[in-house]
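**Q** The numbering of the sequence shown is my numbering, which starts it at 389 and goes up by one. Quick reminder that beta carbons are idealized off the backbone N, C-alpha and C, glycines included. Dumping the structure here so I can ask a few things about it.
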Amino acid sequence: MSLAEVVNVNEYEARAKQKLSKMFFDYFSTGAEDQWTLQENIRAFGRIRIRPRVLVDVSDVDLSTKVLGYKVSMPIMVAPTGHQKLAHAEGELATARAAAAEDTVMVLSSSANTSLEDVASIGSGIRFFQLYIFKDREYVAEVVRRAERAGYKAIVLTGDVPRLGNRENDIKNRFTLPAHLTVANFVGIGGGTSILTSKTNESSLAAFANAQFDSSLTWKDIAWLKGITSLPILIKGILTGEDAVLAVRSGVAGIMVSNHGARQLDFAPASVSVLEEVVQAVQGRVPVFLDGGVRRGSDVLKALALGAAGVFVGRPVVYGLAVDGEAGVRKVLKILRDEFQVSMMLAGCRRIQDITRSHVLTESELPCFSKL
Ligand SMILES: Cc1cc2nc3c(=O)[nH]c(=O)nc-3n(C[C@H](O)[C@H](O)[C@H](O)COP(=O)(O)O)c2cc1C
Ligand SMILES: CCCCCCCCCCC(=O)C(=O)O
């Protein structure tokens, strides 16, 4: 099959598998423990039905929207994923170029193999910086200041990693980074990141993260973060209405409903299953975004109908990158854009704000729904 024959983003996964070593493909593709949540992220979208409206003039459809005040061409954005140079030599640079070309947001991971300044140097594009908080707060503060200086528009604080989840494939593979790669923005943290390139009896990522991440982090640390940056802060990893309320109280500018692509707590719910709970708790005070299992334009429509202001995509972007670098990421984003446009037109929506709660039925609204 040639690349021109790739018609949906799922097809990139098998192609990426052919290109990557088992250790790296497993790192990108798998989840925690029994991987129940990994499957559930996909299944949960499959349990939502779309209620299309017909005879609506959809001759002129507009997918554009605003995210934290920035205009983007579509509500489909690039989630932070670490170690993109394991997928392609150009790594995060290729992803950043693709996101900019498709006029959407890219979130750069704290675990990137490319420095945030190098990514910024590609030029225009709306980029956010994803942050892990380490025990060494001064180091973290300096990275946040660097992101601000380099023109990043927001800090995405990941709240669901007090330690790494049990990623059994990474443990079995004794995951290590190749010697030529670094976590470019944190190379000196905790006395250095050389453990990431040294063989251990476990996953070197887990060994490093569990030693260096600050597992005492609480809501009060949002105040600390707000004290060192004027950038808006999004909190990533919210799965309950209770935490959404605490997030709003702590002054975040937005919430990302996420289970970290099922890589942290197995048997956590699918993000889309709890989206509405979070949206209702937030009561419109800040935008709510979603990631996890978005593989179709129809998934985007479902998430927006349930109240999301936009979605982020993780693995499909990495698979596109692995298969064809910048062009592969662009194609993944284009496929999702085109599918989303088709879904909007067939559901009778001309504008993003035309997508409403009445466009979907969830499981609880269909008592006889067959369990997938
Ligand atoms: C390979 C990989 C690396 C990731 N790295 C990070 C990271 O560095 N920081 C973070 O907050 N989330 C990270 N995530 C989670 C993603 O941001 C996102 O929540 C998840 O991938 C969304 O699910 P999806 O892959 O089904 O789209 C990573 C996910 C994957 C698959
Ligand atoms: C900033 C340096 C972090 C080094 C490794 C920590 C593990 C995180 C890996 C990225 C991630 O979140 C993931 O899901 O994978």
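#1: Identify, in the order they occur along the chain, each residue of the same chain with its Cβ nearer than 7 Å to the Cβ of A669, setting aside the five sequence neighbours on each side.
#2: Grouping DSSP H, G and I as helix and E and B as strand, with all else coil, what is L760?
#3: Within 10 angstroms of the Cβ of D422, are there 16 or more other Cβ atoms? Answer buried if so, exposed if not.
#4: Where does Q423 fall in DSSP's three states?
#5: Suppose you measure from the CA of R515 to the CA of W424; what does that come to, to the nearest Å?
#6: Please classify L724 as buried or exposed, where buried requires at least 16 neighbouring CB atoms within 10 angstroms.
#7: Take every Cβ of the stretch 538–551, pair it with every Cβ of the stretch 441–451, and state whether three or more of those distances are shorter than 8 Å.
#8: Can you list, in chain order, the residues of its chain whose CB lies under 8 Å from that of V495, leaving out five sequence neighbours each side?
#9: Quick check: G419 and R651, are their CB atoms within less than 8 Å of each other?
#10: Specify the secondary structure class of K459 as computed by DSSP and reduced to three states.
#11: If you measure from the CB of R551, is any heavy atom of ligand 1 nearer than 7 Å?
#12: Please find out if some non-hydrogen atom of ligand 1 comes closer than 7 Å to the beta-carbon of D654.
#13: Kindly indicate which residue of S752, S731, E753, R745 has the alpha-carbon position closest to the one of V442.
#14: Going by DSSP in three states, G359 sits in which element: helix, strand or coil?
#15: Kindly indicate the opening and closing residues of the beta strand (DSSP E) around L391.
#16: Quick one, are the C-beta atoms of N598 and R551 less than 8 Å apart?
#17: Skipping 5 residues on each side, what residues in its chain have a beta carbon closer than 8 Å to that of V460?
#18: My output table needs one value for G625: the three-state DSSP class, helix, strand or coil.
#19: What does the Cβ neighbour count give for V395, buried or exposed, with the cut at 16 atoms within 10 Å?
#20: For A595, is the beta carbon positioned less than 7 Å from some heavy atom of ligand 1?
#21: What does the alpha-carbon distance come out to for the pair P566 and A538?
#22: Using the Cβ count rule (16 or more neighbours within 10 Å means buried), how would you classify V444?
#23: D450 by DSSP, collapsed to three states: which one?
#24: Going straight from the alpha carbon of G680 to that of S686, what length do you get?
#25: State the Cα-Cα distance for the pair R485 and E478, rounded to the nearest angstrom.
#26: Does ligand 2 have a heavy atom nearer than 7 Å to the CB of V466?
#27: Cβ atoms of V645 and V676: under 8 Å apart, would you say?
#28: Tell me the DSSP bridge mates of T546?
**A** Quick answer:
#1: Walking along the sequence shown from the start, residue 669 turns up at place 281. These residues qualify, in order along the chain: G629, A632, V633.
#2: If you number the sequence shown from 1, residue 760 lands on position 372. Confidence is the limiting factor: at L760 the pLDDT is only 49, short of 50, which leaves the residue's position unreliable and the question unanswerable from this model.
#3: In the sequence shown, residue 422 corresponds to position 34, counting from 1. D422 comes out exposed.
#4: Along the sequence shown, read from residue 1 onward, the residue named residue 423 stands at position 35. Coil.
#5: Along the sequence shown, one-based indexing puts residue 515 at 127. Along the sequence shown, one-based indexing puts residue 424 at 36. Spanning the two alpha carbons is a distance of roughly 32 Å.
#6: Counting from 1 along the sequence shown, the entry for residue 724 is found at position 336. Buried: at least 16 other Cβ atoms inside 10 Å.
#7: no
#8: If you number the sequence shown from 1, residue 495 lands on position 107. M465, V466, A467, P468, R515, F516, F517, Q518, V544, F700.
#9: Mapped onto the sequence shown, residue 419 falls at position 31. Mapped onto the sequence shown, residue 651 falls at position 263. Cβ distance < 8 Å, so G419 and R651 count as in contact.
#10: Within the sequence shown, numbered from 1, the residue matching residue 459 stands at position 71. Note: K459 maps to strand in three-state DSSP.
#11: Residue mapping note: residue 551 aligns to position 163 of the sequence shown, counting from 1. Incorrect: R551 has no Cβ contact closer than 7 Å to ligand 1.
#12: Here residue 654 is taken as the residue at index 266 of the sequence shown, counted from 1. Not one heavy atom of ligand 1 is found less than 7 Å from the C-beta of D654.
#13: Indexing the sequence shown from 1 puts residue 442 at position 54. The candidate whose alpha carbon is nearest that of V442 is S731.
#14: Outside the modelled stretch of the chain, which goes from 389 to 760, sits residue 359, for which no answer is possible.
#15: On the sequence shown, residue 391 is found 3 positions in, with the first residue counted as 1. Segment: none, L391 is in no beta strand (DSSP E) and carries neither H nor E.
#16: Counted from its first residue, the sequence shown places residue 598 at position 210. Counted from its first residue, the sequence shown places residue 551 at position 163. Taking 8 Å as the Cβ cut-off, N598 and R551 qualify as a contacting pair.
#17: On the sequence shown, residue 460 is found 72 positions in, with the first residue counted as 1. Once the five neighbours on either side are set aside, the close Cβ partners of V460 are S452, T453, K454, D491, T492, V493, I514, G698.
#18: Along the sequence shown, read from residue 1 onward, the residue named residue 625 stands at position 237. In the structure shown, G625 sits in a strand (DSSP, three-state: E or B).
#19: As a first step, residue 395 is located in the sequence shown; it is residue number 7 there, counting from the start. So V395 counts as exposed.
#20: Position 207 of the sequence shown, counted from the start, is the residue given in the question as residue 595. False, no ligand heavy atom lies under 7 Å from that Cβ.
#21: Numbered from 1 along the sequence shown, position 178 holds the residue referred to as residue 566. Numbered from 1 along the sequence shown, position 150 holds the residue referred to as residue 538. Rounded to whole angstroms, the separation of the alpha carbons of A538 and P566 is 27 Å.
#22: For the purposes of this step, residue 444 is identified with residue 56 of the sequence shown, where counting begins at 1. Result: exposed.
#23: One-based indexing of the sequence shown puts residue 450 at position 62. D450 falls in the strand class under three-state DSSP.
#24: Stepping through the sequence shown from its first residue, residue 680 is reached at position 292. Stepping through the sequence shown from its first residue, residue 686 is reached at position 298. When rounded, the distance between both Cα atoms is 14 Å.
#25: On the sequence shown, position 97 is the one that residue 485 refers to. On the sequence shown, position 90 is the one that residue 478 refers to. Using only the alpha carbons, I get a separation of about 10 Å.
#26: Position 78 of the sequence shown, counted from the first residue, corresponds to residue 466. V466: no, Cβ never under 7 Å from ligand 2.
#27: Taking the first residue of the sequence shown as position 1, residue 676 is located at position 288. Taking the first residue of the sequence shown as position 1, residue 645 is located at position 257. Yes, the pair counts as a contact, with Cβ atoms nearer than the cut-off.
#28: For the purposes of this step, residue 546 is identified with residue 158 of the sequence shown, where counting begins at 1. Answer is K624.
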